[in-house]
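In terms of our numbering, the sequence shown has 140 at position 126, counting the first letter as 1, and numbering is strictly consecutive.
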Amino acid sequence: MTRYSIKKKFQIAYAHRLLNYNGKCENLHGHNGKIEVIIESDKLDAQSMVMDFAEVKKRVKNWLDENLDHRVLLSEKDPLVDVLSENQQKIFTTKDNPTAEVIAITIMKEMTKRGINVKEVRFWENETSMASVKKE
């Protein structure tokens, strides 16, 4: 069977910290993250595309801009959630610690909800550290 795929890259700036972690990441700190979204299909559309890159950009980037870019990403259990919210800081909460793995699966789930057949999300926390999640 023939499989087609496309990949689109995005960037966000964000801050986060990890609860119950013994190391530098227990402190609030920031990253310039890079995201790779890989979309797959068994067939091409009427335009001979998996999905138009412009449409991928619009749909994925809009969600990233509205939810993760220039936000503080925190576990919903983090006491900073209330403090930052009370001070009108933009936050995004995750059920668990906002690790690269959790951010990657969050992006995949959100894009799947929006009807995008995401095969893989790669989340680069920095130039040397990447987590990915794949549908099998």
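Ideal Cβ positions, reconstructed from N, Cα and C, are used throughout, including at glycine. On a predicted model such as this, the values are computed, not experimentally measured, just so you know.
Asked: Between which two residues does the beta strand (DSSP E) carrying residue 132 extend?; Found: 132 to 140
Asked: Of all the beta strand (DSSP E) runs that stay within the bounds of the region 19 to 55, which reach a length of 3 or more residues?; Found: 43 to 55
Asked: If we require 4 or more residues per run, which alpha helix (DSSP H) segments fall completely within the region 92 to 116?; Found: 94 to 100
Asked: Please return the same chain residues whose Cβ sits closer than 7 Å to the Cβ of residue 91, not counting the five positions on each side in sequence.; Found: 33
Asked: Under the rule that 16 or more other beta-carbon atoms within 10 Å means buried, what is residue 15, buried or exposed?; Found: exposed
Asked: Going by the beta-carbon positions, is the gap between residue 104 and residue 85 smaller than 7 Å?; Found: yes
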